[in-house]
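**Q** Residue numbers (the numbering used here), protein chains in the order written: chain L, 1 to 140; chain Y, 1001 to 1139. Before anything else, here's the structure in question.
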């Protein structure tokens, strides 16, 4: 995996940034997936649910479109079974408690010059790197 | 309805971006997080590229009186860096490090049909719900 995805990474990142700007400009909403998902689950009105469901459906459709056109969709899970489930629980809980994830705090929050998002982004990056270090290099 | 279509379009653009960047491949993500291993810089490129677009344009968009299809901008209200934020970020970071999956790529990766992805997303939803209950109780 040390061969980086240079063109895909740069173009993909630009698309992610553009999508975030557009969601803000059109709907006035932050493209933070954890918030969009959480909001969908707790929303009381169709008005709150509609755009969220639309965005999430678009995520899947967009990935599908790319996979269909490129003919490939590499996806190698890094955990199985209980550790995978635990990871899911932690990602869900952590993003709810911390109010965001890589898209919400990372792409959007930093663009808003938010000190909260900077703190969150640095924290989850450092914690994730430490976790990988511990699991891959110390404990295995 | 216009909002739903616009959101779908934005989500699709986002999804294409995630897939093109291969952020939907947990191996690429953990490759970046694995500083001591065979380091993969892709995620850093993705972030840098995304920010190159969002950082200059967000303030310009927010200068307008309101969004194009809605009455107002729905922005986060909290400004203080507090313990809850940091605790949440740490918890999220552990999960992200363990699986190499965060919410956006996980949902996009549902297209692969992988049972593991479905299980992760289900657990993520459960985790959000549990945290919501915890937060309401501690109020």
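For each residue, glycine too, the CB sits at the ideal point set by N, CA and C. Since this is a predicted model, take the numbers as computed values, not measurements.
#1: When you check each C-beta in the stretch 1012–1028 of chain Y against every C-beta of chain L, which residues fall closer than 9 Å?
#2: Along the chain, where does the alpha helix (DSSP H) that runs through residue 1041(Y) open and close?
#3: When the Cα of residue 87(L) is compared with those of 1122(Y), 1021(Y), 1001(Y), 1043(Y), which residue comes out closest?
#4: Under 8 Å, Cβ to Cβ, is there at least one residue of chain L near residue 1073(Y)?
#5: Would DSSP call residue 1077(Y) helix, strand or coil?
#6: Listed from N- to C-terminal order along the chain, which residues in the stretch 1075–1096 of chain Y have their beta-carbon within a distance smaller than 8 Å of any beta-carbon of chain L?
#7: For residue 68(L) and residue 1136(Y), I'd like the C-alpha separation in whole angstroms.
#8: Please determine, among 1093(Y), 1117(Y), 1116(Y), the residue with the shortest C-alpha to C-alpha distance to residue 134(L).
#9: Using beta-carbon positions only, say whether residue 52(L) and residue 40(L) come within less than 8 Å of one another.
#10: Along the alpha helix (DSSP H) that carries residue 18(L), what are the first and last residues, could you check?
#11: If you measure beta-carbon to beta-carbon, which residues of the stretch 100–113 of chain L are closer than 9 Å to chain Y?
#12: Nearest-angstrom Cα distance between residue 1059(Y) and residue 18(L)?
#13: Output the distance between the C-alpha atoms of residue 121(L) and residue 90(L), rounded to the nearest integer angstrom.
#14: Residues of chain L with CB closer than 7 Å to the CB of residue 1103(Y), please, in chain order.
#15: For residue 1022(Y), does the three-state DSSP call read helix, strand or coil?
**A** Put simply:
#1: Hits within the stretch, in order: 1012, 1013, 1014, 1015, 1016, 1017, 1018, 1019, 1020, 1021, 1022, 1023, 1024, 1025, 1026, 1027, 1028.
#2: Going by DSSP, residue 1041(Y) is part of no alpha helix (DSSP H) at all; its letter is neither H nor E.
#3: Minimum Cα distance to residue 87(L) is reached at 1122(Y).
#4: Proximity of residue 1073(Y) to chain L, defined by a Cβ-Cβ separation below 8 Å, is satisfied.
#5: Residue 1077(Y) sits in coil when the DSSP states are folded into three classes, being neither helix nor strand.
#6: Hits within the stretch, in order: 1075, 1076, 1078, 1079, 1080, 1081, 1084, 1085, 1086, 1087, 1088, 1089, 1090, 1091, 1092, 1093, 1094, 1095, 1096.
#7: Residue 68(L) and residue 1136(Y): Cα-Cα distance of roughly 43 Å.
#8: It is 1093(Y) whose Cα lies nearest to the Cα of residue 134(L).
#9: Yes, Cβ-Cβ distance for residue 52(L) and residue 40(L) is below 8 Å.
#10: Looking at the DSSP string, the run of the alpha helix (DSSP H) that includes residue 18(L) is 6–27.
#11: Listed in chain order, the positions of the stretch 100–113 of chain L with a beta carbon within less than 9 Å of a beta carbon of chain Y are 100, 101, 102, 103, 104, 105, 106, 107, 108, 109, 110, 111, 112, 113.
#12: Those two C-alpha atoms are separated by around 14 Å.
#13: Residue 121(L) and residue 90(L) have their C-alpha atoms some 16 Å from each other.
#14: At a C-beta separation below 7 Å, residue 1103(Y) has these neighbours in chain L: 33, 34, 37, 91, 95, 101.
#15: In the three-state reduction of the DSSP assignment, residue 1022(Y) falls in the coil class, being assigned neither a helical nor a strand state.
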